Each structure stands twice: as C-alpha cells, then as structure tokens.
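*Asks:* The structure is given below, and queries will be raised subsequently.
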Amino acid sequence: MPDIEKLMEEWNPELDSTLSQIKLPSATIDATTEEYADICLAVADIPVHNNSRIQSLHLLFSLYNEFKNSQHFRNVAYDGHNNNHNNTETNRLEL
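Shown next as structure tokens:
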C-alpha cells in the first residue's frame with residue numbers, strides 16, 4: 113500500500129487542471145457500492161490487492177482524516193473563507 117505522506121503530495125499541475133475541468137461521479141451514480149468504492153480508490157491512486165477493498169478503504173479514510181486534520185488545509189480553508197465571505201458555494205470532498 114502507498115504511504116499516506118506519498119498520497120498527500122501535491123498532484124502535478126496537469127492532473128489538477130484536468131480534475132478541475134471534469135465532474136467526478138457522485139454517490140448517485142448508477143453503480144454498486146463495490147464499483148463506487150473502486151472509483152474513489154482509483155481517483156486517490158490507492159490500489160486494491162486480491163479484490164479485497166478493506167485495507168484500501170482503510171487507507172482512503174485515513175488519508176481523508178489526515179487532510180481534515182492537517183494544519184495546512186485548515187489555514188487554506190480559513191483564508192478562503194475570509195477572502196470569499198460573499199461566496200455561497202462550499203468546496204467539499206464527497207465520497
């Protein structure tokens with residue numbers, strides 16, 4: 113399994129640009145839970161070994177927890193909130 117620190121590294125600008133231009137599938141997609149989990153894991157670049165998603169999903173949720181508790185991202189969110197106080201749209205990670 114990849115290391116959390118490796119997964120938290122900044123994506124290359126080309127990938128970041130592509131992801132900002134496309135809409136990722138939401139939970140309302142017509143897919144099984146397993147298929148949707150596979151999509152989320154693939155976007156996060158987390159492999160699934162031997163068709164067992166338990167460790168992979170644990171890593172995904174651990175990664176989410178690291179981002180949520182990261183001081184860097186708290187500061188970015190706080191700065192964004194102060195700079196866009198008239199903006200009613202909220203950015204969020206939707207799993």
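For what it's worth, this note's numbering labels the leading residue of the sequence shown as 113, then goes sequentially.
All C-beta atoms in this analysis are idealised placements derived from N, C-alpha and C, irrespective of residue type, glycine included.
Bear in mind the structure is a predicted one, so any value in this text is a computation, not a measurement.
1. Roughly how many angstroms lie between the CA atoms of L136 and H184, to the nearest whole one?
2. Whose CA, out of S129, I134, L175, lies closest to the CA of D157?
3. Would you mind listing the alpha helix (DSSP H) stretches within the region 119–185 that are 4+ residues and don't spill past its ends, in chain order?
4. Thinking just about the alpha-carbon of each residue, which of L171, R186, N181 is nearest to the one in K118?
5. In angstroms, rounded to a whole number, what distance separates the CA positions of Y148 and D142?
*Replies:* Working from what's here:
1. Counting from one through the sequence shown, the residue named residue 136 turns up at place 24. Counting from one through the sequence shown, the residue named residue 184 turns up at place 72. Spanning the two alpha carbons is a distance of roughly 24 Å.
2. Residue numbering aside, residue 157 sits at position 45 when the sequence shown is read from its first letter. Per the Cα distances, L175.
3. Listed in chain order, the complete alpha helix (DSSP H) runs (minimum 4 residues) inside the region 119–185 are 125–133, 145–155, 166–181.
4. Position 6 of the sequence shown, counted from the first residue, corresponds to residue 118. K118 has its Cα closest to that of L171, out of L171, R186, N181.
5. For the purposes of this step, residue 148 is taken as the residue at position 36 of the sequence shown. For the purposes of this step, residue 142 is taken as the residue at position 30 of the sequence shown. If I take the Cα positions, the gap works out to 9 Å.
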